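For the protein sequence lines, the chains are U and E, in the order given. Count the first sequence with this note's numbering and you get residues 3 to 412, in order. Count the second sequence with this note's numbering and you get residues 3 to 412, in order. Where a beta carbon is used, it is the ideal one built from N, C-alpha and C, also for glycine. Because the structure is a prediction, the values reported are computed rather than measured. Below is one structure, written out as C-alpha cells, with a few remarks after it.
2 protein chains.
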Amino acid sequence: MSGAASALRDTATRLDATDPLRHTRDLYLPSPGLVAYLDGNSLGRPLRATAERIADLVAGAWGTRLIRSWDEQWMDLPLRLGDRIGEVCLGAAPGQTVVGDSTTVMLYKLLRAAVAAAGPQRPEIVLDTENFPTDRYVAEGIAAETGAELVWLEPDPAKGVTPDLVAGALTGRTGVVLLSHVAYKSAWIADLPEITRLAHEAGALVLWDLCHSVGVVPSDLDAHAVDLAVGCTYKFLGGGPGAPAFGYVAAHHQERLRQPIQGWMGHAEPFVMGPGYAPGAGMRGFISGTPPVLGMVGIEDTVDLIESVGLDAVRDKAARLGRFVIESVDGLLGDHGVRVVSPLDDELRGGHVTLAHPRFREVYRVLWDRDVVPDFREPDGIRLGLSPLSTSYGEVAEALVMVDEVLRAG
Amino acid sequence: MSGAASALRDTATRLDATDPLRHTRDLYLPSPGLVAYLDGNSLGRPLRATAERIADLVAGAWGTRLIRSWDEQWMDLPLRLGDRIGEVCLGAAPGQTVVGDSTTVMLYKLLRAAVAAAGPQRPEIVLDTENFPTDRYVAEGIAAETGAELVWLEPDPAKGVTPDLVAGALTGRTGVVLLSHVAYKSAWIADLPEITRLAHEAGALVLWDLCHSVGVVPSDLDAHAVDLAVGCTYKFLGGGPGAPAFGYVAAHHQERLRQPIQGWMGHAEPFVMGPGYAPGAGMRGFISGTPPVLGMVGIEDTVDLIESVGLDAVRDKAARLGRFVIESVDGLLGDHGVRVVSPLDDELRGGHVTLAHPRFREVYRVLWDRDVVPDFREPDGIRLGLSPLSTSYGEVAEALVMVDEVLRAG
C-alpha cells in the first residue's frame, strides 16, 4: 500500500468518526461481501426498517386485510406520500405532489399537460443535450405527436446549464423549459431559482426533473414558483428497484392542466365506475392506474429518516463527501491523469462526483469484480454516487485506493 | 342455522375434500380472522413462497447485489416474465409479451399504437358501455387527442358482448375493436375467436383486455391471431397491490406499431444513452420506464403454480365454484329474490359470479364487518371472486350463508 493510500484511509477513518450522520449508516441492511457501494444515486440501499415493513405489508395489509387495505390506506397513499416528499424534500405545500407511474410515464404526462397548456402559439420546448436520455426521448416523442419544436441547449462542460444559456434560447415562442436540477453525469446543479424566473419572464412554464436532486439537494419548489416537477424514488429516496416516480404540479395550475392518460384511479369518483371521465380535483386527476404499493414502503421510511436528520444535514454531508473525493484525486490519482469532470465548487455540485480517464471502462469492470461498485458512464466516466445517509468516507477511500491500484497494475 | 345452510356446508365440505386443487390452498399465506375471501379477482392473495422470495429479494438482489442486479437479472425481467405469462396463460409464443406500467398506462400505449397503425381512414374504435372504466376513459382520452371516434356497443345483460353485436358495428371505418375477454361485472366471456375473426374480416385490429381472464380463463392469443392484448397481474396472477400490467403485441405487428412513451428502458441500446430515441427490437420497444421489480415476484410464483397444476384445471375449478354458487342461490337465497346476473352456462362465465339484490349495498357492509369479503359493484351487485387456487367451497358456503342470515335479519 502506498503512503498516499494509507494517509487517505486514515483521513477517512477520522472523518467517519466525526461525521454527524455516522449513526444512520447502521440503519441500512448489511450487504455481505460488498467493499464499497457508490451507486446509491442509481439504486439506493434498503433500510432495515423497510425490509421489516415490506414483510409486514405482505403478511398484513396484503395477505390479511387484502382488498380492504385499499379502503383503509392505499387509495390515498399516492397523495399522502406525495405530500410527505413535498414537505420534507421539495419545499412543497400539501396537495401538489403525487406518487405513481415510472419517471418516464410521469414525465410524459406532465410534459404533455404543459405543452397543451402553453398552447400552439408557444410550441417550443427548451431542453439540453446532456439531460438524462428519458427526458430527451420523451420530449422527442411528444414533439413528434403534438408538433412541439425542440430547442436544444449545448451546455459548456465547464459550466453546466447556466441561466445565460437558457436565456439565450427563450423567445415568445417558448412554451416549456425542461431541465434537470442536478445533471445525471456531471452533477452540475442548475440555478433553479434564476432559470425559473427567466422562463416565467419569457412567459414559459418550467418542468424540472429532480431525479438526481430529490433527497440530497433541496429544491424549494414553492418558494421559487416552479410550475411542474418530476422525480425518481429509487435513488436517494430508497424506494427499491423500479419504485414509482413522483410528480409535482403547482396548485394554481392544477385546474387548467390536464394529463392525457385517463384511468379509473384518477377519476373524481373512482368507485362509481360510471360513464365519462371526470378528473379528480387536485393531484387525484394526475393519477392514472393503480400505483405499485410495495415500492412505496421504502420511500416512506427514507423520507422519515431524512426528516429526522434534516435535509440540510444530508446536503452538507453530500458536499463533504464530494470534497473528500475531489481532494483525494489530487493526492492519489492526479499522477494517473484522472480528471474530475464534476464541479469543484460544493455549492454547484449534487450528490455524486464523476471522474474521467481513458482506461475507466476497464477499471470499472475490475472494481465490480472486487465488490467495489460505482457506476460507469460513457465514454470514460466513473460516477461515484455519494448517498449521505448510507455512504461512509471509508467506502469512498477504498474505492479510490482500488482505482489507484488498478491503474498502477496497468 | 337453517336446514338449507347446514346442507350447503355439508356439500362444501364434500366438494373441498375431493377438489383436485385442494392442496394449493395451503400454499397461500394465512389471513388470521378472515372467514371468507371472495375478492381474489380484485386483489389475489399472496403465496407463502412469494412472501419468502420478496424478503430474499430485499436482502439479496436489492440489499446486497444492489445495482448489479440490473445486469444480473432485472434488465430482461420484463421480457422474461412476459414470456412466462404468455406461455402459461395466454397461449403466446415467446417475444410477444412484456410486463410493466399500470394496466391503464399499458392500455394507453397499445391503443395509441393501434389507432396510429389503423390510420386516419379507419378512425373508429368499437367498445362497449359495460367495459371496465379505465378502458372507456383511456379510449375517450385517446379519441379527444387523436380524432379517433368512439362507437359504443350496448351489450344485452342477458348475452354480454356477442359477435352479432360487434358485427353490427364494424364498417370500413373501424380501426380498432377494444373489448374485455371477461366482463368485470357480469363475468360474461366474450367469444374472443369469433370476434377477432370478424374484426379482421372487416380490416380492423383487436385489442383484448384480459384483466379478468388471465390466469383463470385461457385466451390462446396466437391460435386466434389476436393483434394486441393487455392485462392485470394483481388479480389471478398474485403480483400484489399495484403490481405491473402486461402487454401483448403479435410478432408480425411489432415492427410497424409504435407506442408513444419513449423512455430509456425501451431504447435499442439503453446504456449508450446517446442522442435520439431508437426503439428496441421486439417487445423491448414497448417498455417505457424502469419497471416495478418488487411487484413481479408474486407473478413469477403464481405463473409457476398455474403451470404446475395446468391452466385447464384452474379453469375447471372456476367453473365448478361458479356452479356451486349458482346452485346454492336457488336453494338458499332464491326466496329472498336474489338474482344471478352472471351467465348460468359454465362455458360462458369467467372466474366470478355476480348476484344482485336491492339490499346488497347494506348486506355487503355487514359482510365486511364480519370478515367475509366479497366485492360490491354498483348499483346492487355483490361480486363473488372465485380464485380457484386459493378459494375453498367452504369459504363460498360461509359467504352465502351469511348473506342469507343478513337478509333474514331484515
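- Buried is the label assigned to VAL168 (chain E), since at least 16 other Cβ atoms lie within 10 Å of its Cβ.
- Contacts with chain E at 8 Å (Cβ-Cβ) include GLU142 (chain U).
- For the 8 Å CB-CB criterion, TYR279 (chain U) and GLU142 (chain E) form a contact.
- Partner residues in the beta bridge of GLY162 (chain U), as assigned by DSSP, are U:ASP158.
- At a cut-off of 8 Å between beta carbons, LEU36 (chain E) contacts chain U.
- Chain-order list of chain U residues neighbouring HIS359 (chain E): empty, with the shortest C-beta distance near 19 Å, by a criterion of under 7 Å.
- DSSP places PRO195 (chain E) in the helix class (H, G or I) of the three-state scheme.
- Taking C-beta separations shorter than 7 Å and ignoring five residues to either side along the sequence, the partners of PRO157 (chain E) in its chain run ASP130, GLU132, VAL163, LEU167, following chain order.
- Secondary-structure assignment with DSSP links ARG385 (chain U) through a beta bridge to U:THR356, U:ASP377.
- Non-local C-beta neighbours of ARG351 (chain U) in its own chain, meaning closer than 6 Å and more than five positions away in sequence, comprise ALA189, GLY324, SER344, PRO345, ordered along the chain.
- In the DSSP assignment, PHE248 (chain U) is bridged to U:VAL101, U:GLY233.
- ARG199 (chain E) has a beta carbon lying at 8 Å or more from every beta carbon in chain U.
- LEU59 (chain U) places its beta carbon 8 Å or farther from that of ALA120 (chain U).
- The C-beta distance from TRP266 (chain E) to PRO135 (chain U) rounds to 4 Å, short enough to meet the 8 Å contact threshold.
- Residues are counted here when their Cβ sits less than 9 Å from a Cβ of chain E; for the segment 54 to 72 of chain U these are ILE56, ALA57, LEU59, VAL60, ALA61, ALA63, TRP64, GLY65, THR66, ARG67, LEU68, ILE69, ARG70, SER71, TRP72, given in chain order.
- The CB of GLY242 (chain E) comes closer than 8 Å to the CB of VAL60, TRP64, VAL295, LEU296 in chain U, given here in chain order.
- Look at the segment 245 to 265 of chain U: the residues with a C-beta under 8 Å from a C-beta of chain E are ALA245, PRO246, ALA247, PRO262, ILE263, GLN264, GLY265.
- Pairing VAL101 (chain U) with LEU79 (chain U), the inter-Cα distance amounts to about 8 Å.
- ASP137 (chain U) carries a helical assignment under DSSP once its states are collapsed to helix, strand and coil.
- ARG385 (chain U) has its alpha-carbon roughly 8 Å from the corresponding atom of ASP41 (chain U).
- An exposed status is given to GLN123 (chain E), since fewer than 16 other beta-carbon atoms sit within 10 Å of its beta-carbon.
- For the C-beta of VAL274 (chain U), the chain E residues within less than 8 Å are, from N- to C-terminus, GLU380.
- A contact between stretches requires three or more CB pairs, one per stretch, nearer than 8 Å, and the segment 37 to 51 of chain E fails this requirement with the segment 39 to 56 of chain U.
- Taking every protein chain shown into account, the CB of ASP337 (chain U) has fewer than 16 other CB atoms within 10 angstroms, so this residue is exposed.
- Cβ atoms of GLY300 (chain U) and THR99 (chain U) stay farther apart than 8 Å, at about 17 Å.
- Of the candidates E:ASP332, E:PRO262, E:GLY233, the residue whose Cα lies closest to the Cα of ILE87 (chain E) is E:GLY233.
- In the structure shown, the three-state DSSP call for ILE127 (chain U) is strand.
- The shortest CA-to-CA distance from LYS111 (chain E) to any of U:PHE326, U:GLY291, U:PRO243 is the one to U:GLY291.
- Around the Cβ of ASP28 (chain U), a 10 Å sphere holds fewer than 16 other Cβ atoms; the residue is exposed.
- Taking the C-beta atoms as reference points, GLY287 (chain U) is found no nearer than 8 Å to PRO294 (chain U).
- The C-beta separation of VAL374 (chain E) from GLU400 (chain E) comes to about 6 Å, placing the pair in contact by the 8 Å criterion.
- Taking 8 Å as the cut-off, the Cβ atoms of ALA321 (chain U) and ARG341 (chain U) do not count as close.
- Note on geometry: alpha-carbon atoms of VAL251 (chain E) and ALA231 (chain E) lie some 7 Å from one another.
- Pairing THR105 (chain E) with THR173 (chain E), the inter-Cα distance amounts to about 28 Å.
- Not a single CB atom of chain E sits nearer than 8 Å to the CB of HIS202 (chain U).
- Counted as a single uninterrupted DSSP element, the alpha helix (DSSP H) harbouring GLY300 (chain E) occupies residues 299 to 311.
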